[in-house]
Amino acid sequence: MASRRSPAQPTAAVGAAVPPMPPLVMPMPLAEPPVPVADRTGAAFFDVDNTMMQGASLYYFARGLASRRYFTTIDLAKFAIRQARFRLLAAEHSGDIAQAREAALAFINGWKVDDVQRLSEEIFDELMADRIWSGTRALADQHLAAGQRVWLVTAAPVELGRVIAARLGLTGALGTVAEIRDGAYTGRLVGEMMHGPAKAHAIEALSAAEGLDLSRCTAYSDSINDVPMLTSVGRAVAVNPDSALRRMARTQGWDIRDFRSARKAAKVAVPMALGAGVLAGAVAGGLALNRRRKKT
């Protein structure tokens, strides 16, 4: 008796070849992104205030301290007025630079290094992270992708600069260095404030230590005050430049990158003016902070 087949069971004609099963297709593993070949002699140097960040890092740091009741709003207003005065009235005169140095001493005297580190991280995440220029960060990322190291160069305290650099995945930061003893700031600076020619000197010292070829390096800034830094490397780029730097960049044939819209420029103008000169206006807040700490 012939066996019965289920209607669902396929049959093949007598003598017909059964087609082979297709081979299993194994999924290919995702390729790892190529690791950039290290470029040991090329690097990039970025100013921070209004170059990497909208406005001034120290201004936002002071705002963060005010929100934590280290300052009052009156102290912050005094801080802002002194910053604006420093920018508008002969910021490059030796007397003003000396005053800025004394302001820095008043601001940091007696602070614990761990406290500055912690506050810098908190305030960056709270007030600064959203103010990083995406265009400038993309420029920094291009250098990293090319295997080059990227440093921030700022007149703000180096500890704040290092926090910003770490948050952005950059190599490190050069900034104003304060003397530390027993885990606290002594009120004395190590060397000069990282401003004007001091930035160029710091880059030259770093290049000697790291084996960089400055002719293969690039510097970015918004300010005419940073011409010494811009001219110390092989390629200069004016980012969101002030009017004087824009004129010079055009004369010298430097690249100009402006990431500001009219709305953003207006929004940034006030804190940038208040924060320029970086440490000069800090004396008001620093002295007020010292008074509060003595009362506690």
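Take the position in the sequence shown, starting the count at 1, then add 259; the result is the number in my numbering. The C-beta atom is built at its ideal place from N, Cα and C for all residues, glycine as well. Here the structure is a predicted model, which is why all the values come from computation and not from measurement.
message = What ranges does the alpha helix (DSSP H) occupy inside the region 460–529, keeping only unbroken runs of at least 4 residues that lie completely in it?
response = 486–489 and 502–511
query = How should residue 371 be labelled, buried or exposed, when 16 other C-beta atoms within 10 angstroms of its C-beta is the threshold for buried?
reply = For this step, residue 371 is matched to residue 112 along the sequence shown. It counts as exposed.
ask   = Below 8 Å, can you find three or more Cβ-Cβ pairs linking the region 476–483 to the region 303–313?
value = yes
key: Pick from 379, 471, 520 and 426 that is closest to residue 323, judged by C-alpha positions   = One-based indexing of the sequence shown puts residue 323 at position 64. Answer by Cα proximity: 379.
request  = Would you mind reading off the limits of the alpha helix (DSSP H) that contains residue 395?
outcome  = Numbered from its first residue, the sequence shown carries residue 395 at position 136. Residues 393–404.
inquiry  = Would the region 426–443 count as touching the region 404–415 if we require 3 or more Cβ pairs under 8 Å?
reply    = yes
request  = Going by DSSP, name the residue or residues bridged to residue 440.
outcome  = Start at 1 with the first residue of the sequence shown, and residue 440 comes out as number 181. Partner(s): 443.
Rounded Cβ spacing between residue 416 and residue 462 (contact assumed at less than 8 Å) = Position 157 of the sequence shown, counted from the start, is the residue given in the question as residue 416. Position 203 of the sequence shown, counted from the start, is the residue given in the question as residue 462. Actually they are not in contact, since the Cβ atoms of residue 416 and residue 462 sit about 18 Å apart, beyond 8 Å.
query = Quick one: what's got a C-beta closer than 6 Å to residue 424's C-beta in the same chain, skipping five residues either side?
reply = Counting from 1 along the sequence shown, the entry for residue 424 is found at position 165. Excluding positions up to five away in sequence, the list reads 411, 431 and 432.
request  = Measure how close the beta-carbons of residue 301 and residue 514 come, nearest whole angstrom, since I'm counting them as under 8 Å.
outcome  = Stepping through the sequence shown from its first residue, residue 301 is reached at position 42. Stepping through the sequence shown from its first residue, residue 514 is reached at position 255. Not a contact, Cβ separation roughly 16 Å.
task = Have a look at residue 297 and residue 474 and give me their C-alpha separation to the nearest angstrom.
result = Counted from its first residue, the sequence shown places residue 297 at position 38. Counted from its first residue, the sequence shown places residue 474 at position 215. So the alpha carbons of these two residues sit roughly 17 Å apart.
query = Below 8 Å between beta carbons: does that hold for residue 386 and residue 319?
reply = Residue 386 sits at position 127 when you count from the first residue of the sequence shown. Residue 319 sits at position 60 when you count from the first residue of the sequence shown. In this structure, residue 319 lies closer than 8 Å to residue 386 by Cβ.
message = Bridge partners for residue 448 per DSSP, in chain order?
response = For the purposes of this step, residue 448 is identified with residue 189 of the sequence shown, where counting begins at 1. Bridge partners of residue 448: 437.
query = Between which two residues does the alpha helix (DSSP H) harbouring residue 317 extend?
reply = One-based indexing of the sequence shown puts residue 317 at position 58. Element bounds for residue 317: 316–326.
task = Just grab the DSSP bridge partners of residue 410 for me.
result = In the sequence shown, the residue the question calls residue 410 occupies position 151. According to DSSP, which records beta bridges pairwise, residue 410 is partnered with 304 and 431.
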